[in-house]
Amino acid sequence: MGMEVERLPGEPIIIGRLLPPMNAAVDAKAVREESVRLSEDIVGTVYRIIDLTQVELSLFDIMNGLSYDIAASPENHHFIMVGDQEMVRLTAEAAAQEQYGHRQVLAFTSVDAAIRHVRETMTQG
């Protein structure tokens with residue numbers, strides 16, 4: 000599979016990385032399942048950072064990622080996409096549509112910036 004998932008120790012932050020070769024439907028579902036498993040003990044918001052910096056996305060990949068991961072994830076999972084491609088921005092915008100659960104998804108160009116944002120958000124309450 001073209002993915003890896005980790006939880007930052009002691010924090011409600013989970014980072015999923017999609018890696019080549021990628022099968023969007025299979026890998027998106029696997030990232031969701033592993034993220035849910037890693038977040039079972041978290042009460043409250045789970046911050047899911049999806050690192051797409053190492054893969055090229057197609058429209059098909061976006062549709063599968065939205066359907067198999069974002070739309071199917073628990074409501075307390077908040078998403079942040081990471082990548083510098085136009086497709087990352089389009090994915091974040093598309094997540095707000097009804098068929099994908101009206102999710103607000105933020106987009107950043109680096110994982111470090113996404114983690115900083117999450118930590119700032121958590122300290123603000």
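Per numbering that gives the first Met the number 0, the sequence shown starts with residue 0, numbered consecutively.
Yeah, the Cβ is synthetic: ideal placement off N, Cα and C, and Gly gets one too.
Helix, strand or coil: which one does DSSP assign to residue i?
i	result
residue 116	helix
residue 60	helix
residue 27	helix
residue 10	coil
residue 136	The requested residue 136 does not occur in the structure, where the chain is confined to residues 0 to 124.
residue 54	coil
residue 86	helix
residue 111	helix
residue 68	helix
residue 39	coil
Note down the Cα distance separating residue i from residue j, rounded to an integer number of angstroms.
i	j	result
residue 76	residue 38	9 Å
residue 5	residue 100	24 Å
residue 66	residue 74	14 Å
residue 33	residue 92	24 Å
residue 57	residue 87	10 Å
residue 53	residue 123	31 Å
residue 31	residue 72	7 Å
residue 59	residue 20	15 Å
residue 1	residue 9	26 Å
residue 84	residue 18	15 Å
residue 120	residue 103	14 Å
Measure the beta-carbon distance from residue i to residue j and round it to whole angstroms, keeping in mind my assumption that it falls under 8 Å.
i	j	result
residue 46	residue 12	5 Å
residue 82	residue 51	4 Å
residue 61	residue 117	Not really, about 23 Å apart at Cβ, beyond 8 Å.
residue 63	residue 112	Wrong, their Cβ atoms sit about 26 Å apart, outside the cutoff.
residue 49	residue 15	5 Å
By DSSP's criteria, residue i is part of a beta bridge. Which residues make up the other side?
i	result
residue 4	15
residue 77	46
residue 105	79
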